[in-house]
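**Student:**
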Amino acid sequence: MEEQKKLDKNSIIGFILIFGIIIWMLWMNKPGPDEIDGEKGQQEQLVDENAATKEVEKPEEETTLNLADSTTMAAYQSKLGVFAYSATLPSAKEDFTVIENQKLYLKISNKGGQIVEARLKEFHTFDSVPVYLIKEGNANFGIDFTTSDNRTLNTKDLYFEPSKTQNGEANVVSMKLKSDANKYLEFRYELKPNDYMVSFTVRSQGLNGAIISSSPINLDWSLKGLRHAKSVTYENRYTRLTYEHEDDEISKLSPSGDDEETVNNVDWLSFRQHFFSSILVTDTPFEKANISSVNLAKEEGDDVKFTKSYAATMPLKMQGGELNYNMHMYYGPTDYKVLKEYSDFGIDESMPLGWGIFGWLNKWLFIPVFNFLMSFLPAGFAIIALTILVKLVLSPVQYKQYMNQAKMKVLRPEMNEINEKYADQPMKKQQETMALYRKAGVNPMSGCLPAFLQMPVFYALFTFFPTAFVLRQKSFLWADDLSSYDMILKLPFDVPFYGSHVSLFPILASIAIFIYMQMTSAQSMQQQQQPGMPNMKFILYLSPLMMLVFFNKYASGLSLYYFVSNTITIFIMLAIKKFIVDDEKIHAKIQENKKKPKKESKFQQRLKNMMEEAQQQQSKRK
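Numbering (the numbering used here), first residue to last: 10 to 631.
This is how it looks when you write it as structure tokens:
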């Protein structure tokens with residue numbers, strides 16, 4: 010008699026829960042509606058992207074200012090009031106001071122005393138252009154305040170006097186906005202060798218009474234993230250404003266749509282641009298910060314230059330009539346290995362490694378192990394090696410899962426007899442089924458447990474690969490960048506949810522998942538669908554379809570991992586079935602278990618009594 014395949018309820022529950030978690034993870038990481046269409050009104054409010062690369066937000070009066078002309082000079086001095094002295098200095102012109110080391114190149118302007126160009130020397134974009142975090146007016150950094158003669162000024166519009174010195178091996182640039190020879194507001198930058206962190210100090214001398222301390226003194230910092238990757242929407246998905254506040258609490262603004270918050274006691278702000286970050290750290294926490302993030306990458310396109318527009322406004326306090334704030338500016342890679350070197354500032358927490366146990370697994374397991382593998386293996390082979398290690402660690406769990414499936418398969422004839430005998434008595438059928446499980450020593454829920462034990466690993470790696478800086482621009486086979494998608498075909502049109510290209514690794518991963526699910530579902534799926542049960546064929550095709558569609562735009566390293574992982578699982582299952590699992594031995598073992606007296610726990614006895622009472626009540630009603 011041909012063996013009849015039966016649908017296992019517990020397997021269905023496990024599949025549904027697993028798919029639910031996967032869909033939730035994809036939904037949490039999906040592009041927001043603003044990334045797909047955006048509303049027309051919001052688009053009209055955005056700054057034109059092409060013009061924004063050149064705009065510096067100058068006051069209208071200064072657009073034609075000529076300091077060499079005595080008339081305009083007098084007007085300018087009149088506007089500056091107590092800081093008119095700064096306009097008489099030779100430094101009152103468009104000029105720059107450069108400060109650099111082996112990793113970082115910074116250009117600081119006389120106007121505003123701010124960094125107007127920040128270039129990372131060791132990295133390039135997808136099209137071989139040097140990586141700039143600040144360039145062509147995409148950032149502004151200034152302090153706005155009210156003077157004693159009732160003028161409202163912002164340092165970004167004023168001219169500072171520069172001086173460049175050495176402090177040991179460190180390069181130091183001092184920018185001073187002067188009200189006279191010995192009274193000034195100073196921005197001091199200090200850059201050490203081989204460092205991404207710039208020590209930054211804001212202090213004043215002799216300005217007691219020149220600035221009205223009772224009026225708001227605000228530090229304004231804004232930046233529009235420059236595009237660095239070939240897929241701007243994918244890069245934008247991991248571009249996010251992160252901050253530490255309220256006793257080391259880490260929070261974030263929305264990764265997809267526009268968002269804003271007012272937060273208290275801020276220790277640092279990170280303007281993350283996927284693989285690169287601009288971070289401002291303060292030794293004296295800002296009592297309050299108004300922060301915002303505006304999504305600029307609505308859709309894919311070669312002409313899209315920016316990802317998000319960030320802005321932050323923090324009020325500063327004067328002590329004894331003077332300003333004195335020690336801060337630090339980080340311009341560098343969003344690489345956990347690098348950020349960990351600055352753990353004293355806590356900015357390593359700005360890495361998106363996942364929450365709870367997922368982040369713990371990434372920090373203490375996957376990142377150290379993968380960095381070790383990358384120290385002697387090419388990136389693609391390192392992913393394969395990591396996959397093999399993960400499979401070895403999880404092999405006992407997967408073996409137990411497969412053995413449980415094999416036991417359920419052996420018990421299927423007896424379960425079919427129970428189903429036929431008590432077809433009209435569902436309560437009695439459930440009671441007898443549980444008794445059979447108990448006598449045979451089979452736990453039906455143990456089939457779901459291994460799947461749940463693997464979920465933390467699944468989600469941790471789902472978070473790890475798209476943010477692994479070590480994979481950036483590393484090639485393998487046809488994939489030229491394992492941190493981005495592996496396009497093998499460019500489509501002349503855009504497919505909703507899928508994109509305008511075809512990636513190969515997600516296709517291979519989908520095929521592997523489909524074969525794996527066919528092998529596992531063959532032991533629990535009936536040839537004919539039972540009434541009231543979910544369509545198992547739909548579940549069989551759902552997971553491969555999700556992999557094919559949603560992972561088409563994801564990091565190819567992630568798809569490579571799932572392809573290798575499922576391929577290894579397929580061979581492991583074939584090996585277990587052929588060389589380890591013996592149905593006759595399992596059947597004999599179950600028969601032996603049936604003969605042994607089983608001591609019921611209090612919970613089992615209570616459950617049995619409840620079911621018997623329910624059966625008796627049902628019989629009375631009939």
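Even glycine gets a Cβ: it sits at the ideal position worked out from N, Cα and C. Since the model is a prediction, treat every value here as computed from it, not as a measurement.
CB-CB under 8 Å to D158, same chain, minus the five flanking residues each way: which ones, in chain order?
**Tutor:** Reading the sequence shown from its first residue, position 149 is the one you call residue 158. Once the five neighbours on either side are set aside, the close Cβ partners of D158 are G90, V91.
**Student:** Taking only runs that begin and end inside the stretch 115-151, name each unbroken beta strand (DSSP E) of 3 or more residues, in chain order.
**Tutor:** Runs of the beta strand (DSSP E) inside the stretch 115-151: 124-133, 139-143.
**Student:** Under 8 Å by Cβ, that's how I've got R128 and V140 pegged, so tell me the actual separation to the nearest angstrom.
**Tutor:** For the purposes of this step, residue 128 is taken as residue 119 along the sequence shown, with counting starting at 1. For the purposes of this step, residue 140 is taken as residue 131 along the sequence shown, with counting starting at 1. Contact flag correct, Cβ pair sits at about 7 Å.
**Student:** Just to confirm before moving on: does the CB-CB distance between G363 and Y468 stay below 8 Å?
**Tutor:** In the sequence shown, the residue the question calls residue 363 occupies position 354. In the sequence shown, the residue the question calls residue 468 occupies position 459. Yes.
**Student:** Just how far apart, CA to CA, sit S352 and G365?
**Tutor:** One-based indexing of the sequence shown puts residue 352 at position 343. One-based indexing of the sequence shown puts residue 365 at position 356. Going from the Cα of S352 to the Cα of G365 covers about 19 Å.
**Student:** With a threshold of 16 other CB atoms inside 10 Å of the CB of A521, please say whether the residue is buried or exposed.
**Tutor:** Here the question's residue 521 lines up with position 512 in the sequence shown. Counting Cβ neighbours within 10 Å, A521 comes out buried, since at least 16 surround it.
**Student:** According to DSSP, is N110 part of a helix, a strand, or is it coil?
**Tutor:** Residue mapping note: residue 110 aligns to position 101 of the sequence shown, counting from 1. Reduced to three states, the DSSP call for N110 is coil.
**Student:** Report the three-state DSSP secondary structure of I497 (helix, strand or coil).
**Tutor:** The sequence position of residue 497 within the sequence shown is 488, counting from 1. The answer is strand: DSSP assigns I497 an E or B state.
**Student:** Buried or exposed: M10, going by 16 or more other Cβ atoms within 10 Å of its Cβ?
**Tutor:** Your numbering for residue 10 matches position 1 in the sequence shown. With a pLDDT of 39 at M10, under the threshold of 50, the predicted position of this residue should be treated as unreliable, and no value is reported.
**Student:** At 4 residues or longer, and completely inside the stretch 357-395: list those alpha helix (DSSP H) runs for me, N to C.
**Tutor:** Listed in chain order, the complete alpha helix (DSSP H) runs (minimum 4 residues) inside the stretch 357-395 are 366-370, 376-383.
**Student:** Distance, Cα to Cα, P324 vs T210?
**Tutor:** Within the sequence shown, the letter at position 315 stands for residue 324. Within the sequence shown, the letter at position 201 stands for residue 210. Those two C-alpha atoms are separated by around 16 Å.
**Student:** Quick one: what does DSSP say P99 is sitting in, helix, strand or coil?
**Tutor:** Here residue 99 refers to the residue found at position 90 of the sequence shown. Note: P99 maps to coil in three-state DSSP.
**Student:** Excluding sequence positions up to five away, which residues of its chain have a Cβ less than 6 Å from the Cβ of P553?
**Tutor:** As a first step, residue 553 must be located in the sequence shown, where it is residue number 544. Correct list, in chain order: S519, I522, F523.
**Student:** According to the neighbour-count rule (16 or more other Cβ atoms, all chains shown, within 10 Å of its Cβ), is P361 buried or exposed?
**Tutor:** Translated into the one-based positions of the sequence shown, residue 361 becomes position 352. P361 is buried by the Cβ-count criterion.
**Student:** Tell me the rounded alpha-carbon separation between M443 and I427.
**Tutor:** Along the sequence shown, one-based indexing puts residue 443 at 434. Along the sequence shown, one-based indexing puts residue 427 at 418. Each residue's alpha carbon lies about 11 Å from the other.
**Student:** With C-beta atoms as the reference, is S302 less than 8 Å away from S263?
**Tutor:** Residue mapping note: residue 302 aligns to position 293 of the sequence shown, counting from 1. Residue mapping note: residue 263 aligns to position 254 of the sequence shown, counting from 1. Contact: yes.
**Student:** To which residues of the same chain is V182 closer than 6 Å at the C-beta, ignoring the five residues directly before and after it?
**Tutor:** By 1-based counting over the sequence shown, the position of residue 182 is 173. If we look at V182 and ignore the five residues flanking it on each side, its Cβ neighbours are T106, I108, I117, K173, Y198.
**Student:** So, at 7 Å on beta carbons, what are the nonlocal neighbours of Y431 in its own chain, with the 5 sequence-adjacent residues on each side left out?
**Tutor:** Taking the sequence shown and counting its residues from 1, the one referred to as residue 431 is at position 422. Taken in chain order, the residues that qualify are K437, K438, E441.
**Student:** Cα separation between T72 and V378?
**Tutor:** Reading the sequence shown from its first residue, position 63 is the one you call residue 72. Reading the sequence shown from its first residue, position 369 is the one you call residue 378. For T72, the pLDDT reaches just 36, beneath the cut-off of 50, and the residue's location in the model is therefore unreliable, although a value from the coordinates is still provided. Their backbone Cα atoms lie some 55 Å apart in a straight line.
**Student:** Which residue from N203, R160, D166, F471 puts its Cα closest to that of K102?
**Tutor:** Counting from one through the sequence shown, the residue named residue 102 turns up at place 93. The shortest Cα separation from K102 among N203, R160, D166, F471 belongs to D166.
**Student:** Keeping to the same chain, check which residues put their C-beta closer than 6 Å to that of I670; ignore five residues upstream and five downstream.
**Tutor:** Limits of the chain in this structure are 10 at one end and 631 at the other, which puts residue 670 out of reach.
**Student:** Assuming the contact rule is C-beta atoms closer than 8 Å, S279 and I356 should be a hit. Round their C-beta distance to whole Å, please.
**Tutor:** As a first step, residue 279 is located in the sequence shown; it is residue number 270 there, counting from the start. As a first step, residue 356 is located in the sequence shown; it is residue number 347 there, counting from the start. So it is a contact: roughly 7 Å between Cβ atoms.
**Student:** Taking a contact to mean a Cβ-Cβ separation below 8 Å, would you say F154 touches S224 in this structure?
**Tutor:** To locate residue 154, count along the sequence shown from 1; it is residue 145. To locate residue 224, count along the sequence shown from 1; it is residue 215. Result yes, Cβ atoms of F154 and S224 sit closer than 8 Å.
**Student:** Under the three-state reduction of DSSP, which class applies to L278: helix, strand or coil?
**Tutor:** Stepping through the sequence shown from its first residue, residue 278 is reached at position 269. The answer is strand: DSSP assigns L278 an E or B state.
**Student:** From the DSSP output, which residues share a beta bridge with G341?
**Tutor:** In the sequence shown, the residue the question calls residue 341 occupies position 332. In the DSSP output, where bridge partners are listed per residue, G341 has S286.
**Student:** If you reduce the DSSP assignment to three classes, tell me which class A219 lands in.
**Tutor:** In the sequence shown, counting from the first residue as 1, residue 219 sits at position 210. If DSSP states are grouped into helix, strand and coil, A219 belongs with coil.
**Student:** Specify the secondary structure class of R197 as computed by DSSP and reduced to three states.
**Tutor:** Position 188 of the sequence shown, counting from 1, holds the residue named residue 197. Reduced to three states, the DSSP call for R197 is strand.
**Student:** Tell me whether L16 sits in a helix, a strand or coil according to DSSP, three-state version.
**Tutor:** One-based indexing of the sequence shown puts residue 16 at position 7. Low local confidence applies: a pLDDT of 43 at L16 is under 50, so the model's placement there is unreliable, with the coordinate-based value given in what follows. L16 falls in the coil class under three-state DSSP.
**Student:** Would you list, in sequence order, the uninterrupted beta strand (DSSP E) runs of no fewer than 3 residues that lie entirely inside the stretch 308-337?
**Tutor:** The qualifying runs are 315-324.
**Student:** Since T134 contacts V241 with CB under 8 Å, what's their CB separation in whole angstroms?
**Tutor:** Sequence index remark: in the sequence shown, residue 134 carries index 125 (1-based). Sequence index remark: in the sequence shown, residue 241 carries index 232 (1-based). Not confirmed; about 11 Å, so no contact.
**Student:** Measuring CB atoms only, is the stretch 269-287 touching the stretch 334-348, in the sense that at least three cross pairs come out at less than 8 Å?
**Tutor:** They touch, by the three-pair rule.
**Student:** From the DSSP secondary-structure annotation, give me the bridge partner or partners of P171.
**Tutor:** Against the sequence shown, residue 171 aligns to sequence position 162. Bridge partners of P171: M184.
**Student:** Since G266 and M184 are thought to touch, with beta carbons under 8 Å apart, how far apart are those beta carbons, to the nearest angstrom?
**Tutor:** Sequence index remark: in the sequence shown, residue 266 carries index 257 (1-based). Sequence index remark: in the sequence shown, residue 184 carries index 175 (1-based). So it is not a contact: roughly 37 Å between Cβ atoms.
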